[in-house]
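J.:
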Amino acid sequence: MNVLHLIGRNEELFGTDVEDFYGDLRDTVTKSRFLVIGGAGSIGQSVTREIFKRDPKALHVVDISENNMVELVRDIRSTEGYGSGEFKTFSLDCGSVEFEALINNETPYDYVFNLSALKHVRSEKDPYTLMRMIMVNVFNTIKTLRLAREAGTKKYFCVSTDKAANPVNMMGASKRIMEMFLMRESLTQDISMARFANVAFSDGSLLHGFNQRFAKKQPFSAPNDVRRYFVTPQESGELCLLSGLLGNNRDIFFPKLSEKLHLITFSEIAVRYLRERGYEPYECESEDEARDRAEELIANKQWPCYFFKSDTTGEKDFEEFFTDNEDLDMERFETVGVIKNQPDFDEAKLDDFMDGIEALREKGAWTKDDIVKLYFGLLPEFAHKETGKYLDQRM
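The numbering of the sequence shown is this note's numbering, which starts it at 1301 and goes up by one.
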């Protein structure tokens, strides 16, 4: 299946810059030790591959998913084979005592890449998952960065999201808050980040869901009014590598908008996907119709689809990579833009947010509204779109 065709492109995004900086990237990787946190997720696996194929001195990968880690190793051994450096994986939670022991007892890492995140907008549907999202996206980031700094790490990279620019959902806002905390940490540790478009067919994504629905002969369901930017898994790894190795302190990398990269709806991708598989999409009026007619339609080389207007919490009509008041460098790279940040932060507000979250956790009970109020303390302009409906209530 041609992923580029599905997302409306003919060319890869970052090839020019990866080629232009080939020597710099290769030279840095071959003489460095790397730790990749969240390395068995979709972006993490791509970053791990990009590092591995440039033959690092050492590459250690941490992820909480034991099964995904096994697949990562099998995939690398089956494609890249074996490098001259040390390659190890550890099935650990990066917020655990075991992770602390790892980073404190191993030879110091030159570069730490943190790809660990709760990435779904639907994670704000209940106060408990929402709290875990904050712990993973904000508190674990701060903790792992400080551990890396104390161990002598040269550079810390962390993945952000396009949803952090003018956020309307709690996930995007959690990443914006993470960026704010990292401005404070940047006074004592070199840091860079990347804001992402959607990664096509990443685990748990709607496009990944298309694969699952097709394999199970189930209807496709997708919004027809939500437009997103998409990058391929390989492009996600390349963007992280460029930022982590070439970014200056506090830089946030993002894909430049061009004729290669444009917004596309999920329903458009669904139609292209099915036609590439040899089926004609059949638009149904409801979820019930799509479910009830699935067997009949599929037998006739048609596929039941339910396309709808989005009305769930936290969904923007379109995404953006930067805001009007951010300083941009659009000259250094051909395909990548860079947000140039100053270490601007309000220390008292950052501390109030941390204290507020810790107080809720110590109490052992909290509501979504409790957390939203703490968000507004740091992000008074937060335009939260709460509709009372969530993606778990859809097919």
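Just so it is clear, CB atoms sit at the ideal spot from N, CA and C, and this is done for glycine as well. These figures come from a predicted structure and were not determined experimentally.
1) Note down, in chain order, each residue of its chain lying with its Cβ closer than 6 Å to the Cβ of I1403, except the 5 sequence neighbours on either side.
2) Could you check what DSSP says for E1619 in three-state terms: helix, strand or coil?
3) Rank R1432, P1427 and N1414 by C-alpha distance to the C-alpha of L1541 and give the top, closest one.
4) Based on Cα-Cα distance, which residue from F1618, V1303, G1338 and S1396 lies nearest to N1466?
5) By DSSP, does N1414 sit in helix, in strand, or in coil?
6) Tell me the DSSP secondary structure of L1557 in three-state form.
7) Over the uninterrupted beta strand (DSSP E) stretch that includes H1408, give me the two end residues.
8) Alpha carbon to alpha carbon, what distance is there between E1589 and S1391?
9) Using the Cβ count rule (16 or more neighbours within 10 Å means buried), how would you classify T1667?
10) Taking three-plus beta-carbon pairs below 8 Å as touching, is the stretch 1503-1518 in contact with the stretch 1566-1583?
11) Is it buried or exposed for Q1693, if we count other Cβ within 10 angstroms and need 16 for buried?
12) Taking the alpha carbon of R1326 as the reference point, which residue from L1313, F1352, A1340 and I1307 has its own alpha carbon closest?
13) For the 8 Å Cβ check, are there 3 or more pairs between the stretch 1599-1618 and the stretch 1634-1653?
14) Are the beta-carbon atoms of G1339 and V1362 separated by less than 8 Å?
15) The alpha helix (DSSP H) that contains E1595, what's its start and end?
16) If you follow the beta strand (DSSP E) that P1696 is in, where does it begin and where does it stop?
17) Distance check for N1469 and E1406, CA to CA, integer angstroms please.
18) At which residue ranges does the stretch 1444-1524 contain complete beta strand (DSSP E) runs of 3 or more residues, listed in the order of the chain?
19) Which value, in whole angstroms, describes the spacing of the CA atoms of F1520 and F1514?
20) From the DSSP output, read off the bridge partner residues of A1358.
21) With contact counted as at least three CB pairs below 8 Å, one residue from each stretch, are the stretch 1335-1349 and the stretch 1528-1541 in contact?
22) To the nearest angstrom, report how far apart I1376 and K1673 are at their CA atoms.
23) Please go through the same chain and pick out, in chain order, the residues whose beta-carbon is closer than 8 Å to the beta-carbon of K1475, but skip the five residues on each side of it.
24) Measure the alpha-carbon distance for E1738 versus Q1642 and round it to whole angstroms.
25) When the Cβ atoms of the stretch 1553-1562 are set against those of the stretch 1493-1505, are three or more pairs found closer than 8 Å?
26) Rounded to a whole number of angstroms, what is the C-alpha to C-alpha distance between F1387 and F1321?
27) Does the beta-carbon of P1523 have 16 or more other beta-carbons within 10 angstroms, so that it is buried, or is it exposed?
28) Leaving out the 5 sequence neighbours to the left and right, which residues in its chain are closer than 7 Å to K1331 when beta-carbon positions are compared?
29) Considering only DSSP beta bridges, list what V1531 is partnered with.
T.: To lay it out plainly:
1) L1447 and A1451
2) coil
3) N1414
4) F1618
5) Looking at N1414 - three-state DSSP - the assignment turns out to be strand.
6) Three-state DSSP puts L1557 in coil, outside helix and strand.
7) Sequence check: residue 1408 is Pro here, not His. Premise fails: P1408 is in no beta strand (DSSP E) and is neither H nor E.
8) 43 Å
9) exposed
10) yes
11) exposed
12) F1352
13) no
14) At a Cβ-Cβ threshold of 8 Å, G1339 and V1362 count as neighbours.
15) A1594 to A1599
16) Nothing can be reported for residue 1696: it is not among the residues displayed for the chain, which extend from 1301 to 1695.
17) 38 Å
18) If one requires a minimum length of 3 residues, the beta strand (DSSP E) runs lying completely within the stretch 1444-1524 are 1455-1459, 1491-1494 and 1520-1523, in chain order.
19) Straight-line Cα distance between these residues: approximately 8 Å.
20) R1333 and E1386
21) yes
22) 44 Å
23) A1417, N1437, S1460, T1461, K1463, A1464 and P1467
24) This structure cannot settle anything about residue 1738, because the visible part of the chain is limited to 1301 through 1695.
25) yes
26) 24 Å
27) Burial is judged here by how many other beta carbons sit within 10 angstroms of a residue's own beta carbon; P1523 has at least 16 and is buried.
28) Non-local C-beta neighbours of K1331 in its own chain, meaning closer than 7 Å and more than five positions away in sequence, comprise K1357, ordered along the chain.
29) V1499
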